[in-house]
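Quick notes on the structure that follows.
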Amino acid sequence: MTMTDPIADMLTRVRNANSAYHDVVLMPSSNIKTHVADILKREGYIGSWSVEDAEGGVGKTLRLDLKYGPNRERSIAGIKRVSKPGLRVYAKSTALPKVLGGLGIAIISTSSGLLTDRQA
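Quick note on numbering: the numbering used here labels position 120 of the sequence shown as 120, and the sequence is numbered without any gaps.
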């Protein structure tokens, strides 16, 4: 079965696992998901990520190791998708709003690949 919006599926899996205090999230892998995982790792929102062979299936599996504070505080307070397949959102780099007053990040798809709002 094909997925209409694999990025939204990834974010939902991370959000659900984070809410349930899971240590690991597994999902089907793709290039864009690995780029998103790399940005989340660089910014300190997840511990690590890796791509593994799928068990008994075709393709690869993306494994995210979620990160929590010393008292199991979540490092990801909220995660959502703004631009969706049914409603695309376009903005100039100067018009990007601050996420959580500058404490959060926005991941932007540009002609140079995926960047954070600070890099754009």
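Glycine included, every Cβ here is placed at the ideal spot set by N, Cα and C.
Legend entry - Burial state of Ala-50 (16 or more Cβ within 10 Å): One detail in the question is off: residue 50 reads as Ser in this sequence, not Ala. When all chains shown are included, Ser-50 counts as exposed.
Inset, instruction - Counting only the same chain and skipping the five closest in sequence on each side, list residues whose C-beta sits under 8 angstroms from that of Glu-43. - result: When the five nearest sequence neighbours on each side are left out, the beta carbons in the same chain lying within less than 8 angstroms of the beta carbon of Glu-43 are those of Ile-105 and Thr-116, in order along the chain.
Inset, instruction - Consult DSSP for Leu-100 and reduce its assignment to one of helix, strand or coil. - result: In the structure shown, Leu-100 adopts helical secondary structure according to DSSP, grouped into three states.
Legend entry - Exposure label - Ser-93; buried when at least 16 CB within 10 Å: Ser-93 should be labelled exposed.
Legend entry - Exposure label - Tyr-45; buried when at least 16 CB within 10 Å: Tyr-45 is buried by the Cβ-count criterion.
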